[in-house]
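Residue numbers (the working numbering): 1 to 137.
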Amino acid sequence: MTDPTSAFDALAGRIADIEGRFAGLGDDLAELSGTAADESGLVSATVDATGALTGLTVAPAALRVGTERLAELVLDAYRKARTVATEHVEEHAEGLQVAIGADLTDLFGKPGDFSALGRLEETVARLGRLTDRLPPA
């Protein structure tokens with residue numbers, strides 16, 4: 001028979017490991033960005049992982065295309081930069097999702113498999129019985 005306290009310690013350790021994997025994710029994402037230029041190459045935009053514009057470069061020749069066309073070029077470069085940043089985030093998170101998904105499946109079973117819940121309830125009941133045996137404080 002497994003000691004309930006050891007089982008909880010093991011579960012807590014595995015959950016802490018998963019949390020640790022997430023801890024550095026924010027810093028990693030903060031470093032990701034995407035840069036792209038419009039089709040003409042006159043405007044280049046850079047965005048961070050959230051899609052916020054962090055840089056914009058406009059070639060001097062772009063100032064001769066008129067304000068409406070310049071706005072189109074800026075939006076085109078911005079949209080392309082967002083796409084690049086999104087791809088970078090997805091690439092970065094893909095391996096993490098697989099690893100964490102496997103860890104969660106190990107802990108709690110596959111979706112629809114409630115056997116892990118039964119094991120958890122059994123462990124909680126055992127822990128309760130042990131607590132009942134302790135002398136009063």
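Yeah, the Cβ is synthetic: ideal placement off N, Cα and C, and Gly gets one too.
Bear in mind that the values here come from a model prediction, so they are computed numbers and not experimental data.
(request) Less than 8 Å between the CB atoms is what I'm expecting for residue 92 and residue 34, so what's the real figure, rounded? (result) Actually they are not in contact, since the Cβ atoms of residue 92 and residue 34 sit about 12 Å apart, beyond 8 Å.
(request) Out of 43, 27, 125, 31, state which residue places its alpha-carbon closest to the alpha-carbon of residue 73. (result) 43
(request) Taking 8 Å as the cut-off, decide whether the C-beta atoms of residue 78 and residue 125 are in contact. (result) no
(request) Could you check which residue in 50, 10, 41, 12 has the C-alpha nearest to that of residue 61? (result) 41
(request) Output yes or no for whether 8 Å exceeds the beta carbon distance between residue 58 and residue 82. (result) no
(request) Answer with buried or exposed for residue 1, where buried requires no fewer than 16 other C-beta atoms within 10 angstroms of its C-beta. (result) Because the pLDDT at residue 1 is just 49, under 50, the model does not fix this residue reliably, and the value given afterwards should be weighed accordingly. With fewer than 16 Cβ atoms within 10 Å of its Cβ, residue 1 is classed as exposed.
(request) Report the option in 39, 80, 51 whose CA atom is closest to the CA atom of residue 29. (result) 51
(request) Note down the Cα distance separating residue 53 from residue 64, rounded to an integer number of angstroms. (result) 23 Å
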